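What follows is a short report on a single structure.
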Amino acid sequence: MSSSTTVFVSGASGFIAQTLVKQLIEKGYKVVGTVRSNEKGDSLKENLKAAKLQSENFTYEIVKDIAVKGAFDDALKKHPEVTVFLHTASPFHFNVTDIEKELLTPAVEGTNNALQAIKTHGPQIKRVVVTSSYAAVGRFADLADPSIPATEESWNPITWEQSLSNPLAGYVGSKKFAEKAAWDFVEKEKPNFTLSVINPVYVFGPQAFEIKNKSQLNTSSEIINGLLNSKPDSKFDNLTGYFIDVRDVAKAHIVAFEKDSIQGQRLILAESPFSTQSILDLIRKDFPQLDSQLPKGDPSQADAWKKAESKIENEKTRELLGFKFIDFKKSIDDSVAQIIG
Numbered sequence: 001m002s003s004s005t006t007v008f009v010s011g012a013s014g015f016i017a018q019t020l021v022k023q024l025i026e027k028g029y030k031v032v033g034t035v036r037s038n039e040k041g042d043s044l045k046e047n048l049k050a051a052k053l054q055s056e057n058f059t060y061e062i063v064k065d066i067a068v069k070g071a072f073d074d075a076l077k078k079h080p081e082v083t084v085f086l087h088t089a090s091p092f093h094f095n096v097t098d099i100e101k102e103l104l105t106p107a108v109e110g111t112n113n114a115l116q117a118i119k120t121h122g123p124q125i126k127r128v129v130v131t132s133s134y135a136a137v138g139r140f141a142d143l144a145d146p147s148i149p150a151t152e153e154s155w156n157p158i159t160w161e162q163s164l165s166n167p168l169a170g171y172v173g174s175k176k177f178a179e180k181a182a183w184d185f186v187e188k189e190k191p192n193f194t195l196s197v198i199n200p201v202y203v204f205g206p207q208a209f210e211i212k213n214k215s216q217l218n219t220s221s222e223i224i225n226g227l228l229n230s231k232p233d234s235k236f237d238n239l240t241g242y243f244i245d246v247r248d249v250a251k252a253h254i255v256a257f258e259k260d261s262i263q264g265q266r267l268i269l270a271e272s273p274f275s276t277q278s279i280l281d282l283i284r285k286d287f288p289q290l291d292s293q294l295p296k297g298d299p300s301q302a303d304a305w306k307k308a309e310s311k312i313e314n315e316k317t318r319e320l321l322g323f324k325f326i327d328f329k330k331s332i333d334d335s336v337a338q339i340i341g
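Okay, so the sequence shown: first residue is 1 according to full-length UniProt numbering, each after it adds one.
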């Protein structure tokens with residue numbers, strides 16, 4: 001791919017997408033992003049400019065609702081220069097009243113709308129990368145089973161019916177069924193483009209740009225922020241899972257469209273397991289000035305993930321990508337330094 005390539009990024013103001021846009025501009029690509037409002041688009045452009053990057057290489061189009069039929073049609077008609085489409089936009093919030101209407105259907109429709117628009121109005125687009133989630137791959141939350149490894153071939157066994165039981169199940173289902181829709185589309189429609197899918201676990205790491213509003217961090221960063229805002233006697237849920245750094249998630253999207261060997265592949269982005277307790281222990285060790293303000297928790301529970309999580313085996317992904325992931329210590333330390341800075 002040459003630097004004159006124009007890359008389309010849906011949901012450009014999201015946590016992962018902002019780092020992705022930043023890295024694309026740094027690499028000399030031109031970027032067309034979709035955002036839900038002029039305010040979000042202008043803010044992203046200003047942030048690129050403030051970071052001394054070529055903000056003139058970033059333009060945006062408004063797509064208020066990705067689930068509306070034809071949502072991406074106008075944006076693609078206006079930009080015949082686009083040859084790569086990175087679909088990061090997806091509904092993600094837990095304060096829902098109707099799970100099917102607010103999470104499941106929009107995620108599936110949003111993916112179908114993007115791919116249909118590419119097939120109809122973007123015949124010149126050759127590579128598509130969809131941001132899915134480990135939630136689509138592995139046994140998650142109540143379904144987690146340490147005896148069953150998760151690989152690039154695994155699918156979460158959750159059904160549409162089970163997805164309706166609570167918002168977390170709804171989120172998990174939305175990721176699985178949206179990704180299924182993408183692979184089904186390619187199989188049935190035989191479009192001009194190749195598809196690859198990125199499945200990240202919990203995403204930590206610093207925000208792409210200086211944080212203006214610390215009260216509104218993304219869900220994964222909120223785990224770290226929540227600990228930093230707690231008091232010595234605060235209680236917290238010892239969440240367990242695997243982590244990946246946001247800078248690696250962005251980089252993987254770029255490598256995924258640049259490399260021929262990744263076309264048609266699913267990638268599981270996971271570096272290592274963690275627990276809320278292990279995050280807390282690391283912060284207290286690496287930021288001794290915060291030690292007296294933070295809870296101690298129960299350090300014996302730092303490895304609670306061993307009993308609670310399916311083992312992720314993503315050697316194939318690491319080999320295909322060909323770069324080393326940022327480790328837990330650097331990811332958490334960089335996140336904390338930015339939040340308290």
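Ideal Cβ positions, reconstructed from N, Cα and C, are used throughout, including at glycine. Computed from a predicted model, the values in this text were never measured in an experiment.
{"Item": "Could you pull out every residue in the same chain whose Cβ sits closer than 6 Å to the Cβ of Gly173, ignoring the five residues on either side in sequence?", "Value": "Leu104, Ile158, Ser163"}
{"Item": "I'd like to know whether the C-beta atoms of Glu309 and Tyr242 end up nearer to each other than 8 Å.", "Value": "yes"}
{"Item": "Do Ala135 and Tyr171 have their C-beta atoms closer together than 8 Å?", "Value": "yes"}
{"Item": "Quick one: Cα of Ser220 to Cα of Ile148, how far?", "Value": "25 Å"}
{"Item": "Is it true that the CB of Thr5 sits closer than 8 Å to the CB of Thr59?", "Value": "no"}
{"Item": "Candidates Ala50, Leu20, Val7, Ala17: which alpha carbon is nearest Glu210's?", "Value": "Ala50"}
{"Item": "Give the list of continuous alpha helix (DSSP H) stretches no shorter than 4 residues that lie fully inside the stretch 127 to 206.", "Value": "160 to 163, 167 to 189"}
{"Item": "Given that a residue counts as buried once 16 or more other Cβ atoms are within 10 Å of its Cβ, and exposed if not, what is Gly11?", "Value": "buried"}
{"Item": "Of the residues Asp327, Ser230, His253, which one's Cα is nearest the Cα of Gly297?", "Value": "Ser230"}
{"Item": "For Phe327, which option in Val203, Val9, Val137, Asp42 has the closest C-alpha, if you only look at C-alpha atoms?", "Value": "What sits at residue 327 in the sequence shown is Asp, not Phe. Here the closest residue by C-alpha is Val203."}
{"Item": "So, does the stretch 173 to 190 touch the stretch 17 to 34, judging by three or more C-beta pairs under 8 Å?", "Value": "no"}
{"Item": "Beta-carbon separation of Leu269 and Asp248 under 8 Å?", "Value": "yes"}
{"Item": "Quick test of the definition: if touching needs 3 or more C-beta pairs under 8 Å, does the stretch 288 to 297 touch the stretch 114 to 128?", "Value": "no"}
{"Item": "Residue range of the beta strand (DSSP E) that His79 falls in?", "Value": "First-last for His79: undefined, no H or E at that position."}
{"Item": "Suppose contacts are defined by Cβ-Cβ distances below 8 Å. Is Asn199 in contact with Val137 by that definition?", "Value": "yes"}
{"Item": "DSSP three-state label for Thr317, please.", "Value": "helix"}
{"Item": "Does the count of Cβ pairs from the stretch 257 to 273 and the stretch 41 to 49 closer than 8 Å reach three?", "Value": "no"}
{"Item": "Whole beta strand (DSSP E) runs in the stretch 243 to 327 with 3 or more residues, listed along the chain?", "Value": "266 to 269, 272 to 275"}
{"Item": "Can you tell me the Cα-Cα spacing of Glu102 and Ala67, whole angstroms?", "Value": "10 Å"}
{"Item": "From Gly110 to Arg284, what does the alpha carbon distance come to, in whole angstroms?", "Value": "42 Å"}
{"Item": "Helix or strand or just coil, what does DSSP make of Thr240?", "Value": "strand"}
{"Item": "So with Cβ pairs under 8 Å, would you call Gln18 a contact of chain D?", "Value": "In the structure shown, chain D does not exist; there is a single protein chain."}
{"Item": "Rounded to a whole number of angstroms, what is the C-alpha to C-alpha distance between Ile224 and Glu189?", "Value": "43 Å"}
{"Item": "In whole angstroms, what is the alpha-carbon distance linking Thr97 and Leu86?", "Value": "29 Å"}
{"Item": "With DSSP as the reference, please indicate the residues paired to Ile62 in a beta bridge.", "Value": "Val35"}
{"Item": "For Asp233, count neighbouring C-beta atoms within 10 Å of its own C-beta (all shown protein chains included) and say buried if the count is 16 or more, exposed if not.", "Value": "exposed"}
{"Item": "Count the other C-beta atoms from every protein chain shown that fall within 10 angstroms of the C-beta of Asn213, then say buried if there are 16 or more, exposed otherwise.", "Value": "exposed"}
{"Item": "Name the one or two DSSP bridge partners that His121 has.", "Value": "For His121, which the question treats as bridged, DSSP gives no partner whatsoever."}
{"Item": "Using only CA atoms, which one of Lys330, Glu61, Asn238 lies nearest to Ser13?", "Value": "Glu61"}
{"Item": "Indicate the three-state DSSP secondary structure (helix, strand or coil) for Thr105 in the structure shown.", "Value": "helix"}
{"Item": "Taking all protein chains shown into account, decide if Lys64 is buried (16 or more other Cβ within 10 angstroms of its Cβ) or exposed.", "Value": "exposed"}
{"Item": "Looking only at its own chain, which residues have a Cβ that is under 6 Å from the Cβ of Arg36, when we skip the five neighbours before and after it?", "Value": "Lys64"}
{"Item": "Are there 16 or more other CB atoms within 10 angstroms of the CB of Pro288, so buried, or fewer, so exposed?", "Value": "exposed"}
{"Item": "Is it buried or exposed, Ile262, if we count other Cβ atoms within 10 angstroms and call 16 or more buried?", "Value": "buried"}
{"Item": "Have a look at Val9 and Ala89 and give me their C-alpha separation to the nearest angstrom.", "Value": "8 Å"}
{"Item": "Might you give, ordered along the chain, the residues of its own chain that have their beta carbon closer than 8 Å to the beta carbon of Asp303, omitting 5 neighbours on each side?", "Value": "Ser275, Ser278"}
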